[in-house]
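Residue numbers (our numbering): 260 to 618.
Each residue gets a CB set at the ideal place from its N, CA and C atoms; glycine is no exception.
A short write-up of the structure that comes next.
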């Protein structure tokens, strides 16, 4: 395994002119990519820590990498009890009002939307949060309320109560003569007028890690489509088994949100070695070892891995999701959105989708 790169020379002390808010390791990775591309040296990263242990673990590792690059990291137990939100927002209000630039990783987050109502920063940047970025830009262009693609359209009491805050955040994310808005992304998006699209080509990742040692085998990348209620668990396991058999896959890189019960079934029933990465897969793959072929269902990695692994000889292949795999609870947008993720991924090999045996 390639050792981590040595820390760079110390940067100037970071102030609060640029604040970045992240809730996942992928968001923090893309904040580092943005800072590298923008030459930002005044960055303070605020981690709004989630509950999920796997996500927290990866976030702590990513926070170490951010500190190693000379950036300040502020860890907030934003969900640590009933009074945590008030303490977190109150503690950040002053910095938000002084910030000249605010970088966010998840515009769908209620926490982030609430913080956006406080800031008057003239420069807002949305960094990649994977495939969610595609839906965010589309909704912004259409003037729609911000709703994650895998959620159904029904609005509960909490949604209705939070609607004014969400509407205010959406207005803040719309550029005008006092505020610029940019999207830093590796995903295919068509931004509305006035929103600048900045390409994310994973230059920091490629400069800092690898190239990886390649194995002779094939690796399979897991998704959280079951956990989000989009794909039926039995159909998913059948699809994983079919892919592994057809392509000789031996390792399964788990998504941080996949349940322990599902991963146990993949290991025990399918005989795959389950790997639970402690960093985002783009970094794990770049550090190696990694298979010469990496298989995935429609997900962020079919767009990001070809960039992170450019020039290494690794082939990324994507297998689409058959409509028969979807659950009754899946959003009406799910089928079209997953097809779009597959169809727009550049530099990947597309595998045929075969309907599975009916239950």
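Buried versus exposed, by CB contacts within 10 Å (16 or more), residue i
i, result
"residue 562", "buried"
"residue 345", "exposed"
"residue 541", "buried"
"residue 268", "For residue 268, the predicted model reports a pLDDT of 34, less than 50, meaning its position is unreliable; a value from the coordinates is still stated below. Exposed, by the Cβ-count rule."
"residue 471", "buried"
"residue 527", "exposed"
"residue 394", "buried"
"residue 559", "buried"
"residue 388", "buried"
"residue 603", "exposed"
"residue 569", "exposed"
"residue 513", "buried"
"residue 572", "exposed"
"residue 455", "exposed"
"residue 510", "buried"
"residue 429", "buried"
"residue 356", "exposed"
"residue 431", "buried"
"residue 352", "exposed"
"residue 340", "exposed"
"residue 583", "exposed"
"residue 507", "exposed"
Beta-carbon proximity list for residue i, same chain, < 6 Å, skipping 5 on both sides
i, result
"residue 550", "474, 476, 477, 478"
"residue 605", "none"
"residue 457", "441, 443"
"residue 543", "536"
"residue 601", "557, 577, 579"
"residue 361", "278, 378, 380, 383"
"residue 539", "284, 285, 288"
"residue 371", "280, 363, 365"
"residue 567", "461, 464, 541, 545"
"residue 313", "515"
"residue 599", "none"
Same chain only: Cβ atoms within 8 Å of residue i, ignoring 5 sequence neighbours per side
i, result
"residue 306", "281, 282, 287, 318, 322, 332, 333, 334, 335"
"residue 272", "The predicted position of residue 272 is uncertain, since its pLDDT is 38 and thus under 50; no value can be drawn from it."
"residue 350", "335"
"residue 586", "488, 489, 490, 491"
"residue 612", "578, 579, 580, 581"
"residue 326", "332"
"residue 524", "496"
"residue 348", "373, 374, 377"
"residue 359", "276, 277, 380, 381, 382"
Residues near residue i in its chain [Cβ-Cβ closer than 7 Å; skip 5 each side]
i, result
"residue 588", "488"
"residue 610", "576, 577, 578"
"residue 483", "514, 516, 517"
"residue 607", "561, 565, 575, 576, 577"
"residue 427", "376"
"residue 485", "492, 495, 521"
"residue 481", "511, 512, 513, 514, 517"
"residue 343", "336, 337"
Residue i, enclosing alpha helix (DSSP H) - first and last residue
i, result
"residue 382", "Counting along the chain, residue 382 falls outside any alpha helix (DSSP H), though it belongs to the beta strand (DSSP E) covering 382–386."
"residue 596", "593–602"
"residue 405", "Neither: residue 405 is in no alpha helix (DSSP H) and is coded neither H nor E."
"residue 377", "Careful: residue 377 lies outside any alpha helix (DSSP H) and carries neither H nor E."
"residue 290", "284–297"
"residue 565", "560–567"
Proximity test, residue i beta-carbon vs the ligand NAD heavy atom, cut-off 6 Å
i, result
"residue 496", "Of ligands this structure carries none, so the ligand NAD is not represented either."
One or two residues paired with residue i in a DSSP bridge
i, result
"residue 436", "Looking at the DSSP assignment, residue 436 forms no beta bridge with any residue, so it has no partner."
"residue 335", "307"
"residue 277", "302, 360"
"residue 457", "443"
"residue 235", "Nothing can be reported for residue 235, as the shown portion of the chain is limited to 260 through 618."
"residue 532", "510"
"residue 585", "490"
"residue 480", "512, 555"
"residue 390", "388"
Start and end residues, beta strand (DSSP E) containing residue i
i, result
"residue 314", "Residue 314 -> not in any beta strand (DSSP E); alpha helix (DSSP H) instead, spanning 312–327."
"residue 465", "Not the beta strand (DSSP E): residue 465 falls in the alpha helix (DSSP H), residues 462–467."
"residue 574", "574–578"
"residue 610", "608–610"
Check whether the segment 399–407 and the segment 298–305 are in contact - that is, three or more C-beta pairs closer than 8 Å. Not touching, per the Cβ criterion.
Any contact of the segment 533–542 with the segment 435–443, i.e. 3+ C-beta pairs under 8 Å? With a cut-off of 8 Å, the segment 435–443 and the segment 533–542 do not count as touching, because too few Cβ pairs lie within range.
Is the segment 457–470 close to the segment 494–514, with three or more CB pairs under 8 Å? Pairwise C-beta distances place the segment 457–470 out of contact with the segment 494–514, as fewer than three of them are shorter than 8 Å.
For the structure I just gave you, are there three or more beta carbon pairs, one from the segment 450–459 and one from the segment 391–404, closer than 8 Å? With the cut-off at 8 Å, the segment 450–459 and the segment 391–404 touch.
When you compare the segment 588–597 with the segment 508–524, are there three or more beta-carbon pairs, one atom per stretch, that lie closer than 8 Å? Contact fails: fewer than three Cβ-Cβ distances are below 8 Å.
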